[in-house]
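At position 130 of the sequence shown (counting the first as 1) the number is 130 in UniProt numbering, and the numbers step up by one without a gap.
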Amino acid sequence: TLDANNTPQITCGTTLANHTCSNPYTGSTFGIGHSTIDISEKIKLCEALKNKQYQWVITEAFELFEDYIKKIYAHTVSIHYHFWSPSEFPKVQIDKNGDMETYYEAMKNKSLKTFLKVFRRKLPNFRDVEINNKIGKNYRFEITLIELLRHTIVHNAGKFADTEKFINKVLDESSISGKTRNNWEREIRQYIAKEQDSDIIMLLERPSEKLGSMGWHFKKAEYLLG
Numbered sequence: 001t002l003d004a005n006n007t008p009q010i011t012c013g014t015t016l017a018n019h020t021c022s023n024p025y026t027g028s029t030f031g032i033g034h035s036t037i038d039i040s041e042k043i044k045l046c047e048a049l050k051n052k053q054y055q056w057v058i059t060e061a062f063e064l065f066e067d068y069i070k071k072i073y074a075h076t077v078s079i080h081y082h083f084w085s086p087s088e089f090p091k092v093q094i095d096k097n098g099d100m101e102t103y104y105e106a107m108k109n110k111s112l113k114t115f116l117k118v119f120r121r122k123l124p125n126f127r128d129v130e131i132n133n134k135i136g137k138n139y140r141f142e143i144t145l146i147e148l149l150r151h152t153i154v155h156n157a158g159k160f161a162d163t164e165k166f167i168n169k170v171l172d173e174s175s176i177s178g179k180t181r182n183n184w185e186r187e188i189r190q191y192i193a194k195e196q197d198s199d200i201i202m203l204l205e206r207p208s209e210k211l212g213s214m215g216w217h218f219k220k221a222e223y224l225l226g
């Protein structure tokens with residue numbers, strides 16, 4: 001433990017902590033060590049925590065969006081049965097006169113990709129407006145990016161096992177090819193940062209490239225969810 005009479009010089013903002021452990025057999029408490037954290041390390045820890053919070057915000061937002069799309073499809077089928085696509089749901093058996101909840105329960109475990117594929121085939125304008133719209137957003141790309149970011153967050157704590165493979169998977173599943181592929185790759189890389197020996201999902205704000213001198217910041221998580 002720390003010796004109050006033999007403590008090294010510390011800077012303002014440094015936290016000193018003793019760490020103890022309780023023995024379940026005897027009920028006694030004993031020291032297992034101590035730590036010293038200075039202000040710069042505290043800042044790093046706070047930023048790491050904030051980044052984790054942003055990661056889980058987009059994870060939960062995606063899951064809500066996914067559920068919303070499934071319910072829209074279930075509701076549509078309950079009104080217009082011709083919208084049902086048995087080829088996409090070969091193992092799902094539903095009653096032609098079922099209600100929305102019945103359809104939803106039967107299909108809710110299917111992936112979002114399956115439902116979007118049906119919408120593209122059944123709605124003539126859906127495929128085009130996904131990519132070419134008045135807002136200027138490529139929704140297919142952005143939904144795919146968030147979906148795969150969410151998978152990395154949930155299954156690998158926000159760390160990339162293979163960064164290049166991840167980038168190519170986003171581009172391929174977004175049907176992006178040709179010369180524009182490099183532009184969209186740059187878009188993906190702005191959410192990737194190096195942490196020690198790993199690449200991680202980075203969602204913290206950064207100074208705006210155009211308006212940084214005015215104190216403006218690019219809010220990555222907010223942009224993804226916009």
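Even glycine gets a Cβ: it sits at the ideal position worked out from N, Cα and C. The structure presented is a predicted model; accordingly, all values stated were derived computationally and were not measured.
Residue ranges of uninterrupted beta strand (DSSP E) with 3 or more members, entirely inside the region 1 to 81 and ordered along the chain, are 15 to 22, 29 to 37. With fewer than 16 other beta carbons inside 10 angstroms of its own, Ser177 counts as exposed.
Pairwise C-beta distances place the region 87 to 98 out of contact with the region 59 to 66, as fewer than three of them are shorter than 8 Å. By the C-beta criterion, the region 11 to 31 is judged not to be in contact with the region 178 to 197, since fewer than 3 inter-stretch pairs fall below 8 Å. In the DSSP assignment, Asp128 falls outside any beta strand (DSSP E) and lies within the alpha helix (DSSP H) extending over 126 to 131. The region 188 to 197 makes no contact with the region 119 to 131, as fewer than three CB pairs between them are under 8 Å.
Ranked by Cα distance from Leu204, the options Gln53, Gly13, Thr102, Ile39 are led by Gln53. Shortest Cα-Cα distance from Asn183 to any of Asn132, Asn156, Phe141, Arg206 involves Phe141.
Each of Glu130, Tyr73, Ile143, Phe115 was checked against the Cα of Thr102, and the nearest Cα belongs to Tyr73. Shortest Cα-Cα distance from Lys113 to any of Glu147, Gly226, Trp84 involves Glu147.
Classified as buried, Glu130 has 16 or more neighbouring CB atoms from the shown chains inside 10 Å of its CB. Taking C-beta atoms under 8 Å as the contact rule, Val77 and Ala221 fail to qualify, at a distance of about 34 Å. By DSSP's assignment, Ala193 forms a beta bridge with Ile200. The continuous alpha helix (DSSP H) containing Glu173 extends over residues 163 to 173.
In this model, Lys96 and Asn125 are separated by some 26 Å (Cα to Cα).
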